[in-house]
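First to last, the protein sequences are chains A and B. Anchor point for the first sequence: position 692 equals 692 in our numbering, and the numbering is continuous, going up by one each time. Throughout, our numbering is defined as the position within the second sequence, counted from one, plus 808. Data block below; observations after.
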Amino acid sequence: MTAVDETTTTEREFGKARRRKEDARLITGRTRWTDNITLPGMLHLAMVRSPLAHARVTAVDASAARRSPGVIGVWSGPELPGSAVGMPCAWPITPDMKSPTHPAIAQDTVRFAGEIVAVVAARSAAEARDAVDLVQVEYEQLPVVLDMEAALAEGAPLVHPDLGTNENATWIFDSAAAGSGGDVEEAIRAARDDPDGIVIERRYRQQRLIPAFMEPRSIVMDPTGEQLTLWSSTQVPHFVRIFMALVTGTPESKIRVIAPDVGGGFGGKLQFTPEEVVTFLVGRRLRKPVKYTETRTESMLAGHQGRDQIQKLTLTARRDGTVTGLKVELLCDMGAYLGLVTPGIPILGAFMYNAIYKFPAYKFVCTNVFTNTTWTDAYRGAGRPEATFAIERLMDTLAAELGRDPLELREQNWIKHDEFPFTTVATMVYDSGNYEAATTRAKQLFGYDELRREQAERRARQDPVQLGIGVSTFTEMCGLAPSRVLGALSYVGGGWENAHVRMLPTGKVEVVTGTSPHGQGHETAWSQIVADKLGVPFEDVEVLHGDTAISVRGLDTYGSRSLPVGGIALAMAADKVVEKAKVIAAHLLEANADDLEFSGGSFTVRGTDKGVPIQQVAFAAFDAHNLPDGVEPGIDADATYDPVNFSFPHGTHLCAVEVDTETGRPTIRKYVCVDDVGRALNPLIVEGQVHGGVTQGIAQALFEEARHDEVGTLTTATFVDYLVPSAPDLPTYTTERTETPSTDNQLGVKGVGEAGTIASTPAVVNAVVDALRPWGVDDIEMPLTPQRVWRAVQGGGVEATTIQDGEA
Amino acid sequence: MGTRRISVVVDGVRYDDDVEPRTLLVHYLRERLGKTGTVVGCDTSNCGACTVHLDGRSVKSCSVLAVQADGGEVTTIEGLAGPDGELHPVQRAFHENHALQCGFCTPGMIMQVIDLLNDHPDPTEAEAREGIEGNLCRCTGYQNIVRAIQAAAEAGAAPATSAPAQPTPAGGAA
């Protein structure tokens, strides 16, 4: 063997701000979006959708449509076999949860505006859409119920009469019952009785949001060949394969699902959709490749939406600022049907309302409600933004009530850095964190004290433009998820992730991951992990994903899980490759395996200059001419990692907003965030995730809302009406990180995808409210449009809320 | 449905095709020419994902009929790099500054940024933000796109493609 080549790359990839590999195709238009796929003889689908939110479908006359040029077929629900089978819900949160049937195409009744009533297949997309307009559907209108509280009232119209109620389920966590804390009712009673006690009661509204990924969803189904192949713009190709098999009765082994380039998801593509089923059924029936690509309006009408909760909150504290109890009562709008994880979304927040604070007593009750609106499900953060909003708004309210600085009050109550690991009142074990460090740094970067001074000056001179400072010291739980915990929460499925690492004869490395990126940059980040582990050049690693024929096992990408779960699986697989290679290297070097060191891509015999690079070992494993007895040819390895815990990133976000009290216009002047996501594998990608995440949270605070009119028509079904912010609407953020490694995984990493969105919404709203406290403003419903802010200034826009002191 | 003959140069290649008068330029590019680098993100001309250059100026190709491009010259994201693949300075700036994540808005964004830099070779941050107002991105929060614009400006990206020739494409063939 030769002496080790000293030029071998040994510079660590971990922590390096690598520019992304995937950019090369994305910036030159060499992308493979699902809608780009054209197959021989491919037909195009278009959907006939209900304009009504609740109606019986009494007749579907497709005769004119069938005569329309290029049309191959038109099917209503009853005409398309298989379309009546219900879409699956994978999270029955309680044993008695009410679960309605959700047919892929409405069979006799539509329950939200946008529901599919019929499907057209034609030779071109334009001909299919032309024919949609010719399908005559007769409806018998039924009464709609759109408001959650109205839906629960006696005598309300029922979205699903067969269920006998609009209540989907009620789910409860009580720290007294769990043994993790006291009885919150007792804490509330004590606070009311105690002259030193404070009870703050609030009602917040989490408006409904639309994920608004930039790439509309698209599906191509190819029934030729041995397997039925489905390309879909999805976050979850592995889920789609399993559920397609179950719903259509096709053997899973006969289905191949491919998520090619996917243009964003944000939870909105964490779904198994009626459109996927319909496309599959029509392709199978016609025995021709078919494609369905939704329009933007269809995406907004019929893709699942997010948030939509009414939060009733009770926080108790003592006058010295110590929190003593927190009670959370939620109403959560499911929409008309349940998606894959719809009923569980609020439960992802259930363990987070107590946040970073040491509440001794905590209770969470959520009641899920059906309405005649688009179904809801995961949207970036999924349950945790709602929780963080509630607690961070409450902590600011408590500070205002006590006349205390909101950061100082938080510090009084938060878990100190030397108290980790910390078991919370909600039974989570936070492995690590340092809230002091992140907050100290954020205050410095923000110029907290100077801005407070300026705020006081503006108040004193009654400046028409007031300054508000908003705080959010958030944490979240992500890295979904330990399988056993999911099982305990009645989720149908696990939370592990799989990875496969193979060294090719030429020394290049192929990595197969079960994660399914759609903008996150896994091809780059995973290459960095493997380059470090195997000591191979970053450029020599190829990352394969998103195709169930290649990535055979996987649970996909959502819940900020890819790095803390999938990345760890990959690190483990790479470790196994090294272990396998070591045995062969020892044989080649005629040394004892225990005497070998592996560093910089080479095995060396300790204390000598004898060595062999791993690429050479890979070739030896390939030609298999000279392997130790009993050793199989090959050093490839795979690993499946089931996380031992969730991941708990945290950080301090500070927002300064100028509020023009004459026009109501809020303008973000400064936004500083110091996030702690553990060790950062690629700081460039982390920063990008924070930018985008913070922006989506700001969008909830200031711009976005999905609104229905009184008959259930979505009135925000285009980008004209649904305000996804554009560049001039946003400030430049100051982002920095502290690094408190996770102690639960070998890379010390935590999730980052959702952190910004979870953190930023309350920071912005707290800032606007802070600016307007002298006007007696205590809350403004989101989004904080200039009109709503102006009304609040005028005294008309604040909902009646009460601050009840113990002595009152 | 009747068709009309158009002659259009796209990314340096001349095409003569019969198109339906209602065909949008973006559909002509994608479905007829296979220029799938240019994408459709909405139906209301808000998102800008379909932005291309027509006779040297950026247009949303969902808002231009193919027949309006008759006699014109179209540059898409696929025609931007040099013959040997060397990237346009704006493409390079997007890569260097991590100005894209999912990349769906990126082709339109890059085409718009080139147009912006033609008008403002050295834009302020406010001008950069205003200049891409018609292009939505859901991933980046725009911060790194703005950085990329400023980096491209420093690198002297403008003028980029063919200089503005005709003031407006409307009206199609003369």
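Glycine residues also receive a C-beta, built at the ideal position from the N, C-alpha and C atoms.
- Nearest to A/P783 by C-alpha distance, out of A/C89, A/V240 and A/Q696, is A/Q696.
- B/I922 and B/A959 have their alpha carbons spaced roughly 12 Å apart.
- At a cut-off of 8 Å between beta carbons, B/Q876 makes no contact with chain A.
- A/C478 sits close to A/E754, with the two beta carbons spaced by under 8 Å.
- Taking a beta-carbon distance threshold of 8 Å, A/L26 counts as an interface residue toward chain B.
- Any Cβ of chain A closer than 8 Å to the Cβ of B/D892 would place that residue at the interface, and such an atom is absent.
- Per DSSP, reduced to three states, the secondary structure at A/S760 is helical.
- Interface flag for A/H653 against chain B is unset, since no Cβ pair is found closer than 8 Å.
- In the structure shown, the three-state DSSP call for A/R202 is strand.
- Residue contact check for A/R30 against chain B: a CB pair falls below 8 Å.
- A Cβ-Cβ distance of about 7 Å is found for the pair A/V144 and A/P157, placing them in contact under the 8 Å criterion.
- Residue-level contact check: B/I814 does not touch chain A, since none of the beta carbons of chain A fall below 8 Å from its beta carbon.
- Counting only Cβ-Cβ distances below 7 Å, B/C855 has contacts in chain A at M214 and F719, in chain order.
- Residues of chain B with a Cβ closer than 8 Å to the Cβ of A/V694 are, in chain order, G949.
- Spatial neighbours of A/F719 in its own chain (CB-CB distance under 6 Å, excluding positions within 5 residues in sequence) are not present.
- Under the Cβ distance rule, A/W231 does not count among the residues neighbouring chain B, no pair being separated by less than 8 Å.
- Here B/I957 carries a helix assignment [DSSP, helix/strand/coil].
- Residues of chain A whose Cβ lies closer than 7 Å to the Cβ of B/N952 are, in chain order, G688 and H691.
- If only complete runs of 3 or more residues are kept, the region 239 to 269 of chain A shows the beta strand (DSSP E) at 255 to 258, in order along the chain.
- DSSP places A/H653 in the strand class (E or B) of the three-state scheme.
- Shown here for A/A64: same chain residues with a beta carbon closer than 6 Å to its own, the five before and five after excluded, namely L134 in chain order.
- By the CB criterion at 8 Å, A/L146 and A/N372 fall inside the cutoff.
- Against chain A, the beta carbon of B/I885 has neighbours under 8 Å at I27, T28 and G29, listed in chain order.
- Scanning chain A for C-beta atoms nearer than 8 Å to the C-beta of B/G845 yields T28, G29, R30 and T31, reported in chain order.
- Within the region 392 to 467 of chain A, the runs of alpha helix (DSSP H) that reach at least 4 residues and sit entirely inside it are, in chain order, 406 to 413, 435 to 446 and 448 to 460.
- In the pairwise beta carbon analysis, the region 545 to 557 of chain A is classified as touching the region 223 to 241 of chain A: at least three pairs are separated by under 8 Å.
- The beta-carbon of B/P929 is placed no less than 8 Å from the nearest beta-carbon of chain A.
- Taking a C-beta cut-off of 9 Å against chain B, the contacting residues of the region 254 to 270 of chain A are D261, V262, G263, G264, G265 and F266, listed in chain order.
- Residues of the same chain with a CB within less than 8 Å of the CB of A/E298, apart from the 5 flanking positions on each side, are M47, R49, G114 and P216 in chain order.
- At least 8 Å separates the CB of B/C858 from every CB of chain A.
- Identification of residues in the region 899 to 930 of chain B having a C-beta nearer than 7 Å to some C-beta of chain A yields Q899, F902, H903, E904, H906, L908, Q909, C910, G911, F912, C913, T914, P915 and I918, given in sequence order.
- Looking at the DSSP output, A/D675 sits in a beta bridge with A/G651 and A/R737.
- Following the DSSP letters along the chain, one finds A/T279 inside the alpha helix (DSSP H) bounded by residues P274 to L286.
- In this structure, the beta-carbon distance from A/M244 to A/V290 does not fall below 8 Å.
- In the three-state reduction of the DSSP assignment, A/V711 falls in the coil class.
- For A/P103, DSSP records a beta bridge to A/G86.
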